[in-house]
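S.K.: The structure that follows is given in the form of structure tokens.
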Amino acid sequence: MNRAIERFDKYLEVERNSSIHTRAAYKRDLLEFSAFLKSSGVSSSVKDVRENDVKAYVASLHSRLKRSSIARKLSSIRSFFTYLTKKRVIKASPAEFVPVPKVGKFLPTVLTVDEATALVSSPAPPASAKGDAEPLRPAKIGILLRDRAVLELLYSAGVRVSELVALNHLDLDFKAGTLRVMGKGDKERVAYMGSHAAEAIKDYALWTSRFIGKTKADGPLFFGRSGKRLTTRTVQRIVKKYVSVSSIDKRPTPHSLRHTFASHLLD
303 MNRAIERFDK
313 YLEVERNSSI
323 HTRAAYKRDL
333 LEFSAFLKSS
343 GVSSSVKDVR
353 ENDVKAYVAS
363 LHSRLKRSSI
373 ARKLSSIRSF
383 FTYLTKKRVI
393 KASPAEFVPV
403 PKVGKFLPTV
413 LTVDEATALV
423 SSPAPPASAK
433 GDAEPLRPAK
443 IGILLRDRAV
453 LELLYSAGVR
463 VSELVALNHL
473 DLDFKAGTLR
483 VMGKGDKERV
493 AYMGSHAAEA
503 IKDYALWTSR
513 FIGKTKADGP
523 LFFGRSGKRL
533 TTRTVQRIVK
543 KYVSVSSIDK
553 RPTPHSLRHT
563 FASHLLD
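Numbering (this note's numbering), first residue to last: 303 to 569.
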């Protein structure tokens, strides 16, 4: 089965133009299914997999995963076997009639304008260190400037986390107030950033040029502590960190800020 999984991954890359993240998710789900079959004594040949084998795997997931996660894994398995039927490797998909776990509708958290403002303002600006306050070190200032720019951009441009961390300097056009982002399926689109986000990015870029060095046009816009491109996990931690120190009671995620952006556009 593993060879068939590799061919499916190549199909996703070449024919479907799927992103690296999408392909990795499919591959992970399918390798887990393959490992389950092996541990259950089922033949590793895709031609020998039966509907009951898929049902048994789905049943084994209920004790440790949410319905939404189970539904996603089953979707990966279905797509895989549908691909095999189209390529005439097998006659019928053993996953076609396996019932999908019902998933309740998830309503993302949407912030009010005041709540969103409170969140993006949470990274205290360097100017706040007055009087007897201990002077902020350059590294700390850089983190505050970066985090402020990240939050401003998530809110004002409505970009996905994966799109944000992939941004390079050449993707921004401050004069037009736009940024070029690579969305799902490697589809390019243009997003608009607010003036506050633009100023926050300029402040952070000025700091990086001073303390990290002049960055290349095709270099990352946001850096992590290691000096490399910021990761999606770090962005999630940034949002969680400032939610905890802000005055809002809700618990938004980066995805929530995207929905907040869309909601405020409609208001």
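Even for Gly, the Cβ is constructed at its ideal location relative to N, Cα and C.
Does DSSP classify F382 as helix, strand or coil?
M.R.: Reduced to three states, the DSSP call for F382 is helix.
S.K.: Assuming contact is defined by CB atoms lying nearer than 8 Å, are D331 and K375 in contact in what I supplied?
M.R.: Closer than 8 Å, so yes.
S.K.: On the three-state DSSP scale, how would you describe N319?
M.R.: Reduced to three states, the DSSP call for N319 is coil.
S.K.: Cα-Cα, which of E315, S362, E454 is closest to V537?
M.R.: Looking at the Cα atoms, E454 is the closest of the given residues.
S.K.: For the beta strand (DSSP E) containing R439, name the first residue and the last one.
M.R.: Careful: R439 lies outside any beta strand (DSSP E) and carries neither H nor E.
S.K.: May I ask you to list the residues that DSSP assigns as paired with P403?
M.R.: For P403, which the question treats as bridged, DSSP gives no partner whatsoever.
S.K.: How about A358: is its Cβ closer than 7 Å to a heavy atom in the ligand SAH?
M.R.: This structure does not include the ligand SAH; it has no bound ligands of any sort.
S.K.: Can you tell me whether E465 is buried or exposed? The criterion is at least 16 other CB atoms within 10 Å of its CB, across all chains shown.
M.R.: E465 is buried by the Cβ-count criterion.
S.K.: Can you list, in chain order, the residues of its chain with a C-beta nearer than 6 Å to that of E353? Leave out the 5 residues immediately preceding and following it.
M.R.: So the list reads P396, once near-sequence residues are dropped.
S.K.: Measuring straight from C-alpha to C-alpha, what distance separates A431 and K442?
M.R.: A caution first: A431 carries a pLDDT of 43, below 50, which makes its placement in the model unreliable, though a value can still be read off. Cα-Cα distance, rounded: 12 Å.
S.K.: Going by alpha carbons, who is nearest to F524 out of L532, K518, T517?
M.R.: Out of L532, K518, T517, L532 has the C-alpha closest to the C-alpha of F524.
S.K.: Closer than 6 Å by C-beta to A499: which residues in its own chain qualify, once you throw out the five before and the five after it? Chain order, please.
M.R.: For A499, where only same-chain residues beyond five positions count, the Cβ hits under 6 Å are E454, L455, S458.
S.K.: With distance defined between alpha-carbon atoms, name the residue in P440, D473, V344 nearest to A493.
M.R.: Per the Cα distances, D473.
S.K.: Since E417 contacts K312 with CB under 8 Å, what's their CB separation in whole angstroms?
M.R.: Not confirmed; about 45 Å, so no contact.
S.K.: Going by Cα to Cα distance, which pick from T419, A394, K486 is closest to A468?
M.R.: Nearest of T419, A394, K486 to A468, Cα basis: K486.
S.K.: So L554 and V545 are in contact, right, with Cβ under 8 Å, and what is the actual spacing, rounded?
M.R.: Here the sequence assigns Pro to residue 554, which means Leu is not the residue at that position. About 6 Å; that satisfies the 8 Å criterion.
S.K.: Who are the Cβ neighbours of D355 in its own chain at under 8 Å, not counting the five residues just before and after it?
M.R.: The residues are L339, S342, V344, P396.
S.K.: Starting from T480, follow its DSSP beta bridges and name the residues at the other end.
M.R.: According to DSSP, T480 bridges with D475, Y494.
S.K.: Spatial neighbours of A306 within its chain, please: C-beta separation below 6 Å, excluding the five flanking residues on both sides.
M.R.: Only V348 meet the Cβ criterion.
S.K.: Are the beta-carbon atoms belonging to L558 and T411 less than 8 Å from one another?
M.R.: Sequence inspection shows Ser at residue 558; the Leu mentioned does not correspond to that position. Their beta carbons are under 8 Å apart, which means S558 touches T411 by this criterion.
S.K.: Identify whether P522 lies in helix, strand or coil by the three-state DSSP scheme.
M.R.: DSSP places P522 in strand when its eight states are reduced to three.
S.K.: In or out: P401 buried (at least 16 other Cβ within 10 Å) or exposed?
M.R.: Exposed, because fewer than 16 other Cβ atoms sit within 10 Å of the Cβ of P401.
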